[in-house]
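Residue numbers (this note's numbering): 3 to 70.
Structure below.
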């Protein structure tokens with residue numbers, strides 16, 4: 003007899019497409035809230051600052067190597 007472990011999965015739940023569709027629906031609703039807009043803007047500004055810092059460090063390292 004085949005041991006299937008402690009959990010038995012049966013096809014009694016909703017199909018995967020329905021679950022994925024509902025997840026996308028709720029994600030879309032969350033992204034329309036003011037909290038999500040604040041988080042997205044915060045992440046955007048953080049990425050801009052990190053990009054400026056990395057560009058400055060790369061330029062500094064490139065100029066330093068050229069002088070040696």
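Cβ atoms here follow ideal geometry from the backbone N, Cα and C, with glycine treated the same way.
Since the structure is predicted, the reported quantities are computational estimates derived from the model, not experimental observations.
Residue i (DSSP reduced to helix, strand or coil)
i, result
"residue 33", "helix"
Beta-carbon contacts of residue i that lie in its chain and below 7 Å, excluding the five residues immediately before and after
i, result
"residue 36", "none"
Cut-off 6 Å between Cβ atoms - residues of its own chain near residue i, not counting five sequence neighbours on either side
i, result
"residue 27", "none"
Beta-carbon proximity list for residue i, same chain, < 8 Å, skipping 5 on both sides
i, result
"residue 51", "none"
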